[in-house]
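Q: Mind having a look at this structure? Questions to follow.
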Amino acid sequence: EAGVAQSPRYKIIEKRQSVAFWCNPISGHATLYWYQQILGQGPKLLIQFQNNGVVDDSQLPKDRFSAERLKGVDSTLKIQPAKLEDSAVYLCASSLGSSIGNQPQHFGDGTRLSIL
Amino acid sequence: GNSVTQMEGPVTLSEEAFLTINCTYTATGYPSLFWYVQYPGEGLQLLLKATKADDKGSNKGFEATYRKETTSFHLEKGSVQVSDSAVYFCVANTDKLIFGTGTRLQVFP
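From first to last, the protein sequence lines stand for chains A and B.
End of the first sequence sits at 116 in my numbering; the numbers just go up one at a time, nothing left out.
End of the second sequence sits at 109 in my numbering; the numbers just go up one at a time, nothing left out.
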């Protein structure tokens with residue numbers, strides 16, 4: 001079974017530039033998650049999709065972050081404009097159902113973003 | 001609010017030593033509990049889980065028991081190996097995953 005695919009693995013940009021990350025979940029997984037993991041901290045949920053609908057985006061900084069999952073499969077996360085504090089690893093995860101059903105989440109390797 | 005607290009690292013051990021990484025949680029209701037592991041340069045992997053009180057999760061020689069009375073889910077392994085060197089995250093599943101800050105384990109031969 002192929003895992004969660006993310007690209008790029010690394011990205012370096014200057015502040016105020018824009019950046020986009022891509023995620024392809026495990027085939028058949030209805031739920032997709034984006035997390036932000038700042039160095040030395042645990043991952044923090046940014047947004048959760050169930051198919052192509054948003055379930056939870058309460059911790060997404062909507063003034064600069066956006067995410068979409070138009071066809072209910074792969075997803076993109078965008079930051080525009082980037083700030084220094086956005087330097088982090090952005091993790092994508094997927095699960096068969098929602099986390100309420102105790103379905104385990106499968107994580108990609110992440111995209112490491114550095115803001116100069 | 002919901003939170004997970006785990007011991008700070010790094011934890012440094014010699015090969016074959018006994019490992020304990022403490023974890024406690026604060027949550028409404030009875031969350032499912034997980035330990036995830038992150039090997040260098042890799043993504044998070046589910047290590048083990050327990051879904052109700054007194055359940056014991058186990059995998060690859062690691063164990064953790066869901067203790068409702070102490071709201072704890074401590075990770076243990078009887079004899080660590082160099083290949084166990086990684087960052088370990090204690091996680092509570094309420095309506096979303098709540099991660100601890102992670103504990104780095106370094107095992108030396």
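Glycine included, each C-beta is placed from N, C-alpha and C at the ideal position.
#1: For B/ASP55, which of helix, strand or coil comes out of DSSP?
#2: For B/GLU8, does the three-state DSSP call read helix, strand or coil?
#3: How close, in whole Å, do the beta carbons of B/VAL4 and B/TYR25 come, if the pair is a contact with beta carbons under 8 Å?
#4: Taking DSSP as the reference, what is the three-state secondary structure of B/ALA83?
#5: I need the straight-line Cα distance from A/GLU68 to B/SER79, nearest angstrom please.
#6: Quick one: measure Cβ to Cβ for A/GLN36 and A/ALA82, integer angstroms, because I've assumed they're closer than 8 Å.
#7: If the criterion is Cβ atoms closer than 8 Å, does the pair B/LEU75 and B/ALA92 meet it?
#8: Along chain A, in chain order, which residues have C-beta atoms closer than 8 Å to that of B/LYS96?
#9: If we call anything under 8 Å between Cβ atoms a contact, is A/GLN105 one with A/SER95?
#10: Once DSSP output is grouped into helix, strand and coil, what is the label at B/GLU76?
#11: Let me make sure I understand the geometry here. Which of A/GLN48, A/LYS15 and A/ALA30 has the alpha-carbon closest to that of A/VAL73?
#12: So what's A/LEU96 in DSSP terms, helix, strand or just coil?
#13: Thinking just about the alpha-carbon of each residue, which of A/GLY40, A/LEU39 and A/LEU70 is nearest to the one in A/GLY53?
#14: Check for me: the beta strand (DSSP E) holding A/GLU68 runs from which residue to which?
#15: Counting beta carbon pairs with one atom in the stretch 85–100 of chain B and one in the stretch 36–47 of chain B, are three or more of them shorter than 8 Å?
A: In terms of the structure at hand:
#1: Here the question's residue 55 of chain B lines up with position 55 in the second sequence. Coil at B/ASP55, not helix or strand.
#2: Translated into the one-based positions of the second sequence, residue 8 of chain B becomes position 8. Here B/GLU8 sits in coil by DSSP.
#3: What you label residue 4 of chain B is simply residue 4 of the second sequence in a count that begins at 1. What you label residue 25 of chain B is simply residue 25 of the second sequence in a count that begins at 1. With 8 Å as the limit, B/VAL4 and B/TYR25 qualify as a contact, their Cβ atoms being about 5 Å apart.
#4: Here residue 83 of chain B corresponds to residue number 83 of the second sequence, with the count starting at 1. Here residue 83 of chain B turns out to be Ser, not Ala, going by the sequence shown. It is helical.
#5: On the first sequence, position 68 is the one that residue 68 of chain A refers to. On the second sequence, position 79 is the one that residue 79 of chain B refers to. One C-alpha to the other measures close to 45 Å.
#6: Numbered from its first residue, the first sequence carries residue 36 of chain A at position 36. Numbered from its first residue, the first sequence carries residue 82 of chain A at position 82. No, A/GLN36 and A/ALA82 are not in contact; Cβ-Cβ is about 13 Å, not under 8 Å.
#7: Your numbering for residue 75 of chain B matches position 75 in the second sequence. Your numbering for residue 92 of chain B matches position 92 in the second sequence. It is not a contact, given that the beta carbons lie outside the stated cut-off.
#8: On the second sequence, residue 96 of chain B is found 96 positions in, with the first residue counted as 1. Those within 8 Å of B/LYS96 in chain A are LEU45, GLN48, ASP56 and SER99.
#9: Sequence index remark: in the first sequence, residue 105 of chain A carries index 105 (1-based). Sequence index remark: in the first sequence, residue 95 of chain A carries index 95 (1-based). Yes, the pair counts as a contact, with Cβ atoms nearer than the cut-off.
#10: The count along the second sequence starts at 1 and reaches residue 76 of chain B at position 76. B/GLU76: strand per DSSP, three-state reduction.
#11: For the purposes of this step, residue 73 of chain A is taken as the residue at position 73 of the first sequence. Cα-wise, what sits closest to A/VAL73 is A/ALA30.
#12: Looking up residue 96 of chain A in the first sequence gives position 96. A/LEU96 falls in the coil class under three-state DSSP.
#13: The residue given as residue 53 of chain A occupies position 53 in the first sequence. The shortest Cα separation from A/GLY53 among A/GLY40, A/LEU39 and A/LEU70 belongs to A/LEU70.
#14: As a working mapping, residue 68 of chain A is identified with position 68 in the first sequence. 65–68 is the span of the beta strand (DSSP E), which, as asked, contains A/GLU68.
#15: yes
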